[in-house]
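**Q** Once you've had a glance at the structure underneath, I'll fire off some questions.
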Amino acid sequence: MARRKLVVGNWKMNGMRAQLPEVEAIGRIAATNPSVEVGICVPATLIEPASRVSGAAFIGGQDCHMKASGAHTGNLCAGMIKEAGASWVIVGHSERRQDQGETSADIAAKATAAHGDELKVILCVGESLDVRDAGNAEEVVSAQLLASLPAGAAADWLAIAYEPIWAIGTGRIPTIEAVDSMHKALRSALASRIGAEADAMRILYGGSVSAANAAELFAVPDVDGGLVGGASLKAESFGPIIEAAAV
Ligand code: PEP
Numbered sequence: 021m022a023r024r025k026l027v028v029g030n031w032k033m034n035g036m037r038a039q040l041p042e043v044e045a046i047g048r049i050a051a052t053n054p055s056v057e058v059g060i061c062v063p064a065t066l067i068e069p070a071s072r073v074s075g076a077a078f079i080g081g082q083d084c085h086m087k088a089s090g091a092h093t094g095n096l097c098a099g100m101i102k103e104a105g106a107s108w109v110i111v112g113h114s115e116r117r118q119d120q121g122e123t124s125a126d127i128a129a130k131a132t133a134a135h136g137d138e139l140k141v142i143l144c145v146g147e148s149l150d151v152r153d154a155g156n157a158e159e160v161v162s163a164q165l166l167a168s169l170p171a172g173a174a175a176d177w178l179a180i181a182y183e184p185i186w187a188i189g190t191g192r193i194p195t196i197e198a199v200d201s202m203h204k205a206l207r208s209a210l211a212s213r214i215g216a217e218a219d220a221m222r223i224l225y226g227g228s229v230s231a232a233n234a235a236e237l238f239a240v241p242d243v244d245g246g247l248v249g250g251a252s253l254k255a256e257s258f259g260p261i262i263e264a265a266a267v
């Protein structure tokens, strides 16, 4: 099944209004690579101004609350992110699972809330170095995926991002064989839950994606794009990654 590549930047807690020209430049690169769906998940404060200048690139949020409103100081619900101009949102990033203690059940609830407010969702999963070294990463990440998967998960609103925690921001990536094997395992875990829909669902790789390794990663049959942190902050480094995904 042909799946359109999805390449998304995760700016994390980086980016002020002074960086909006980078958003604009990434939008121009997206426009010249229409075979790739391109987006940038910016800090919440930039969603509205970024969405005005991002052109062909969509703007996403980096998290949302599972409730629609209420006494949750400092949080944002999916509807707020959508109203600000986002069309996608990341849920379950390992930095939130670790720093905020989010559970897979929380993440499934956040994905459901996001879908209810018509946001598309990137759901992140990935193993620690201990799990990788113990040799059971595929079982652990498959179980994490199934525990985080919202009811009614479908390829037109949900994508998965496999991000080995030990590869995030470290410059290290798994071997191409390990990426291939993990993505196959995740697709088969998805199929056990959602049947043939698994074939259409995009599974992104994330963790130290760069201009140097993107083409090799994106050539893996079950890698349907990338979630890119550090290299997405500048159009100069993100552009070649987007181009590597183009057909
Ligand atoms: C991320 O945190 O989503 C990520 C993939 O970061 P980096 O590309 O910087 O490793």
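In terms of the working numbering, the sequence shown opens at residue 21 and continues consecutively.
Here a beta-carbon is modelled for each residue, glycine too, at the ideal position from N, C-alpha and C.
1) Between which two residues does the beta strand (DSSP E) holding valine 28 run?
2) Do leucine 139 and alanine 106 have their beta-carbon atoms positioned less than 8 Å apart in this structure?
3) Taking the alpha carbon of methionine 221 as the reference point, which residue from Asn233, Arg152, Ala181 and Ile196 has its own alpha carbon closest?
4) Just grab the DSSP bridge partners of alanine 77 for me.
5) Can you grab the Cα-Cα spacing for the pair proline 184 / glycine 112, in whole Å?
6) For glutamate 68, tell me which candidate among Lys102, Leu178 and Ala51 has the shortest Cα-Cα distance.
7) Which of the three DSSP states, helix, strand or coil, is assigned to alanine 179?
8) Check whether the Cβ of histidine 113 lies closer than 7 Å to any heavy atom of ligand 1, and answer yes or no.
9) Assuming valine 28 and serine 74 form a contact by the criterion Cβ under 8 Å, report the distance between their Cβ atoms to the nearest whole angstrom.
10) I need the straight-line Cα distance from lysine 130 to valine 56, nearest angstrom please.
11) Can you give me the C-alpha to C-alpha distance between isoleucine 261 and serine 230, rounded to a whole angstrom?
**A** Taking the structure as given:
1) Start and end: 26 to 30.
2) Cβ distance < 8 Å, so alanine 106 and leucine 139 count as in contact.
3) Ranking Asn233, Arg152, Ala181 and Ile196 by CA distance to the CA of methionine 221 puts Ala181 first.
4) According to DSSP, which records beta bridges pairwise, alanine 77 is partnered with nothing at all.
5) Each residue's Cα considered, the two are about 13 Å apart.
6) Shortest Cα-Cα distance from glutamate 68 to any of Lys102, Leu178 and Ala51 involves Lys102.
7) It is a strand residue.
8) Yes, ligand 1 has a heavy atom inside 7 Å of this Cβ.
9) In this structure valine 28 is not in contact with serine 74, their Cβ atoms being roughly 12 Å apart against a cut-off of 8 Å.
10) Near 26 Å, if we compare the C-alpha coordinates of valine 56 and lysine 130.
11) Their Cα atoms are separated by approximately 7 Å.
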